Amino acid sequence: MENILNQIGIENYIFLSVLLFCIGIFGVLYRRNAIIVFMSIEIMLNAVNLLFVAFATYWQDPKGEVFVFFSMAVAAAEVAVGLALLVSVFRNIGSVDISNLKNLKG
Amino acid sequence: MAPILIIFYILSAFTLSTAFLTIYSRNPIHSAIYLVLCFFSIAGHYLLFNAQFLAIVHIIVYSGAIMVLFLFTIMLMNLNNEDEVHKPRITRLGAITVFVLLSSALVVIFMYSKPFVGEYYTSHTDFQSIKKLGTVLLDDKDGFMVPFEFASVLLLVAMIGAVLLSKKEKIGK
Amino acid sequence: MENNLVLVLLLAPFVGFLFNVFLGKKVGKNISGTIGTIAVALSFAMSMYFFLQLNSTVKPIEVTLFDWIQIGKLKVDFGILLDQLSLLWLLFVTGIGSLIHLYSISYMQDDENMHKFFAYLNLFIFFMITLVVGSNLLVMFIGWEGVGLCSYLLIGFWHKNQDYNDAAKKAFIMNRIGDLGFLIGIFILASMFTTLNFMEMKQAISVGTANTALLAVAALCLFIGATGKSAQLPLYTWLPDAMAGPTPVSALIHAATMVTAGIFMITRMNFLFDLTPEVQNIIAIVGAITALVAASIGLLQNDIKKVLAYSTVSQLGLMFLALGMGAYNVAVFHVITHAFFKACLFLGSGSVIHALHGEQDMRKMGGLRKIMPITFATMLISTLAIAGIFPFAGFWSKDEILMVAFEHNKALWIIGSIASIMTAFYMFRLMYLTFFRDFRGTEEQKHHLHESPSLITLPLIILAALATFGGLINLPESNWLNHFLEPILSGKHEEHALGSQEYMLMGIALAGAIVGIVWAYAKYIKQGFVPKQDSEIVGISKTIYNKYYVDEIYTAIIIKPLNSLSNFFKTTLEPALGNVVYGFGTLAYGLSNQGRKLQSGSIGLYLFAFVIGVLAIVSYLFLA
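Note that the protein sequences, when read in sequence, are chains R, G and B. Letter by letter, the first sequence follows residues 2 to 107 in the working numbering. Letter by letter, the second sequence follows residues 1247 to 1419 in the working numbering. Letter by letter, the third sequence follows residues 306 to 929 in the working numbering.
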């Protein structure tokens, strides 16, 4: 089976991954809605997963894909707990605006 | 231009645009939908890599479970008609600046690295079929058996945590 | 064995001090006084032992207790040198010291802090011994400073009275001014010879290659130190004020021992002063003028102790006159005889003051001759001695001084003689006003008049005997003292054979003294003259009575500018410095206030900082 990277080239995948990651960061800093922030974090995770699979193909090694496997498991767990927290916060404050969470102000 | 390259470009354009729209749109439900589309395009990227198992698992876990969770939470908190006050101008400016800086930094870093010359290495063996993945994942000697078990414990803990955290407080206790 | 005895000599008074400090209050007055006296008597016994040993072997004892300072080539150890000079001093310091301790047991009986008094007295004797037995200038300096400290403690003993505290401070501070000169002298000598040990310095100087100009400066600085300690012009004003202390203190410190430290130091360093004739001239002139000025002030004083204080300053001036002419042995002779009769005079005046319950003004005394016979007799003997009447001790020593002065410098001889005549006059004035004619005090005081107890009169008798026979140690024919001190003095001393010139000078001095006595008799007994009250004194008498306003001049020239300088520092410099320091605090506060803004509590800011940090690390690692 031929290596697909011969036709696409690894640089393209790196650029794609970088851009996706930066979009994710932009989203985290730009939005105030906590749900959107979570979604941006998911985008970042996915960008990294993409990069891992690209390099798995580069080295023709299955270990990259196994790591993606675990990364997905952790992402799922994190989303579950994070959303539970969010619901709890929503019950206390009444909104999901993160600029309301200022009790740690020194 | 090879056809695969064209497919790659279309797919990546789709990915980037849906990701951007996720962040940009007002309505959280719209954001969720765009994110689902983004995940589907990434699954497409995986298929290009011939990592079929990973693509299917990605669709099932991310689009099927995580996004559904998001949608449920959004609907629970009744956020679909959200009019959000923008952050102060300085923060938005800062965010845009950081975005530009970071992306350019990372790209520049890559561009200054050594260019790859020649053919990509192809081992003419199977390295990413389910069989091979299963062997690597569940091999107890030099596989990932132990992390696998730990991952299951992690999921258990997350489940318990999520249930506990979102319990309603009993009134009058 | 010998080392141990030396240590006993040095440390016995110190042990007495410690005992009185820690246990004095508990054991009661008599025991604390007795322990104090025994401590000093022990030192006296030791010094007697060493004296007899030295007499037979004529070899000085040098003991090094421990190595002290070693910097580069300068090596100073804590050493003790017991040679002729130090043993002589030790004898009369500890001897008169023990007598005064005995006296104080009775004199200070009514004071509740008697144990503290004895503690201070013992400490003083300890420091005086250190001063005298030190084998190098630095150990002597320790003793020098220590006696200054004890003088301060003892003058201000009745510390509830602010005037006494001021007098104590004055004494200490003037001493310190002199000590600065002493220190500079020590520094110059240390840099010139890299040693401060007396024997080694003597050898180094005798080589003769030292820079004489620098030697002269060092000698002058040392003399300034002696001026402060021995109350010469211009640092003498503390001594009359120091009479604020109890009378035993005045007797011990300001008559017999501490004020002789300056003369001791100059005699010790005689090899240095012999090489600097200019400085010797200065010493002689200063001594002579001091003698004259102090005697003139003493003519009109009405406080019995002040008269004695000015008399001390005047006699010290005569001793410095002798030193300034290179006649060290003569000065030492006069120190010893002066210690005897001045201590007796002070103790006698203490007895009078005790009988009158604290009255010190002579205008309120009189006619005590019949009531206090022992005091009267002993004081009469001492007054005859100080006036220089044959055959008492003072005659021999004062005559020697005047003889030496006559040979060197006639002008100084005239000044010395006038001072001696004045001495005779005012000392007999004191006697006549105190003991003769009728009592001028109140009726109540008259009822309580009595002779003092035996503990007071015994030291008086002993000292009067010494004042009578003290001249024997250096009669012109036998010259025992001169021979004894020969190993110490490097220069050639002239022996006075008794020729016609000497007899004539003796006659002149004796005649002058008798003139003074007769004049005083005529004025105060025949005429019955009583000095006026303070407000009635006018004219030149007023100037002399007010000590030529020297204290006021010092206040105006020195103290007021210093005070205004301190005030300037207090009002402008100190707040400025304070503001600088506070400024640091304010700066820290401001900076922290700005830094506080980082903890705004907004998650967005934290995330932003997070990403900026990652960006910085990434660019540093990969782009730079």
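Ideal placement from N, C-alpha and C gives every residue a C-beta, glycine not left out. Only a predicted model underlies this, so the values are computations on that prediction, with no experimental measurement involved.
If you compare alpha carbons, which of the options is closest to residue i?
{"i": "L359/B", "options": "F383/B, A346/B, D388/B", "result": "D388/B"}
{"i": "A78/R", "options": "F1295/G, F1266/G, L1300/G, S1398/G", "result": "S1398/G"}
{"i": "N101/R", "options": "A921/B, L920/B, G906/B, V916/B", "result": "G906/B"}
{"i": "K852/B", "options": "P545/B, E879/B, A589/B, L780/B", "result": "P545/B"}
{"i": "D382/B", "options": "S440/B, I343/B, L392/B", "result": "S440/B"}
{"i": "S496/B", "options": "L393/B, N516/B, A716/B", "result": "N516/B"}
{"i": "A566/B", "options": "L896/B, E879/B, I434/B", "result": "I434/B"}
{"i": "I778/B", "options": "V640/B, A600/B, A881/B", "result": "V640/B"}
{"i": "L650/B", "options": "M736/B, F711/B, E807/B", "result": "M736/B"}
{"i": "L596/B", "options": "N575/B, N586/B, L580/B, L538/B", "result": "According to the sequence shown, residue 596/B is Ala rather than Leu. Here the closest residue by C-alpha is L538/B."}
{"i": "I510/B", "options": "D579/B, G377/B, T688/B", "result": "D579/B"}
{"i": "F431/B", "options": "M445/B, L527/B, V886/B", "result": "M445/B"}
{"i": "K1414/G", "options": "F27/R, V88/R, F16/R, S96/R", "result": "V88/R"}
{"i": "V1307/G", "options": "G65/R, M45/R, V75/R", "result": "V75/R"}
{"i": "N325/B", "options": "E417/B, L390/B, F740/B, A424/B", "result": "A424/B"}
{"i": "I676/B", "options": "E705/B, D666/B, G693/B, L661/B", "result": "L661/B"}
Less than 7 Å separating the Cβ of residue i from some heavy atom of the ligand ZN?
{"i": "M1405/G", "result": "Only the bare structure without any ligand can be found here, which leaves the ligand ZN out of the picture."}
Only counting the same chain, and skipping five residues up and downstream in sequence, which positions put a Cβ closer than 7 Å to that of residue i?
{"i": "P1249/G", "result": "none"}
{"i": "F645/B", "result": "A698, L768, L771, A772, G775"}
{"i": "Q832/B", "result": "none"}
{"i": "F927/B", "result": "none"}
{"i": "L685/B", "result": "M736"}
If you follow the alpha helix (DSSP H) that residue i is part of, which residue opens it and which one closes it?
{"i": "V88/R", "result": "64 to 94"}
{"i": "A816/B", "result": "805 to 826"}
{"i": "W463/B", "result": "Here W463/B belongs to no alpha helix (DSSP H), and DSSP marks it neither H nor E."}
{"i": "L1281/G", "result": "1274 to 1294"}
{"i": "V612/B", "result": "609 to 629"}
{"i": "Q904/B", "result": "Element bounds for Q904/B: n/a, residue is neither H nor E."}
{"i": "T362/B", "result": "334 to 362"}
{"i": "M1391/G", "result": "1391 to 1411"}
{"i": "V1354/G", "result": "1335 to 1357"}
{"i": "D704/B", "result": "698 to 713"}
{"i": "G10/R", "result": "First-last for G10/R: undefined, no H or E at that position."}
Name the chain G residues whose beta carbon is nearer than 8 Å to that of residue i?
{"i": "L26/R", "result": "Note on identity: in this sequence residue 26/R is Ile, with Leu being the wrong assignment. V1344, F1345, L1348, listed in chain order."}
{"i": "V67/R", "result": "L1379, V1382, L1383, F1390"}
{"i": "V97/R", "result": "M1323, L1325"}
Between which two residues does the beta strand (DSSP E) holding residue i run?
{"i": "Q375/B", "result": "366 to 376"}
{"i": "L386/B", "result": "379 to 387"}
Beta carbon of residue i, beta carbon of residue j: below 8 Å?
{"i": "P1274/G", "j": "L1325/G", "result": "yes"}
{"i": "V311/B", "j": "V398/B", "result": "no"}
{"i": "K703/B", "j": "L623/B", "result": "yes"}
{"i": "Q61/R", "j": "F1373/G", "result": "yes"}
{"i": "M40/R", "j": "L1281/G", "result": "yes"}
{"i": "H1291/G", "j": "L30/R", "result": "no"}
In chain B, which residues lie less than 7 Å from residue i when you measure between Cβ atoms?
{"i": "G1340/G", "result": "F913"}
{"i": "T1337/G", "result": "G909"}
Give the residues of chain B in contact with residue i, contact being defined as C-beta atoms less than 9 Å apart.
{"i": "S100/R", "result": "S907, I908, G909"}
{"i": "N93/R", "result": "Simply none; closest approach about 16 Å."}
Leaving out five residues on either side along the sequence, give the residues of the same chain with a beta carbon under 6 Å from the beta carbon of residue i.
{"i": "Q606/B", "result": "V612"}
{"i": "K1419/G", "result": "Model confidence at K1419/G stands at a pLDDT of 48, short of 50, so the residue's coordinates are unreliable; what they give is reported in the following sentence. There are no such residues."}
{"i": "G746/B", "result": "K669"}
{"i": "N427/B", "result": "P318, G321, F322, G341, A344"}
{"i": "L370/B", "result": "F383"}
Using a C-beta to C-beta distance shorter than 8 Å, which residues of chain R count as neighbours of residue i?
{"i": "Q1298/G", "result": "Going along chain R, no residue has its Cβ under 8 Å from Q1298/G, so there is no contact; the nearest lies around 11 Å."}
{"i": "V1353/G", "result": "F16, V19"}
List, in chain order, every chain R residue whose beta-carbon is nearer than 7 Å to that of residue i.
{"i": "L1283/G", "result": "The premise fails here: L1283/G is roughly 12 Å from chain R at the closest Cβ pair, so nothing lies under 7 Å."}
{"i": "V1307/G", "result": "M73, A77"}
If you drop the 5 nearest sequence neighbours on each side, which residues of the same chain put their C-beta closer than 8 Å to that of residue i?
{"i": "E12/R", "result": "none"}
{"i": "L443/B", "result": "W373, I374, V381, I491, L501"}
{"i": "L707/B", "result": "W718, G721, S722, S725, L810, A814"}
{"i": "F503/B", "result": "L386, S440, N441, L442, R573, M574"}
What does residue i touch in chain G if you count any residue whose Cβ is under 9 Å from its own?
{"i": "L928/B", "result": "A1351, V1354, I1355, Y1358"}
List, in order along the chain, the chain G residues whose C-beta lies closer than 7 Å to that of residue i?
{"i": "K64/R", "result": "V1382"}
{"i": "L903/B", "result": "Neighbours of L903/B on chain G: none; closest Cβ ~15 Å, over 7 Å."}
{"i": "S72/R", "result": "Going along chain G, no residue has its Cβ under 7 Å from S72/R, so there is no contact; the nearest lies around 10 Å."}
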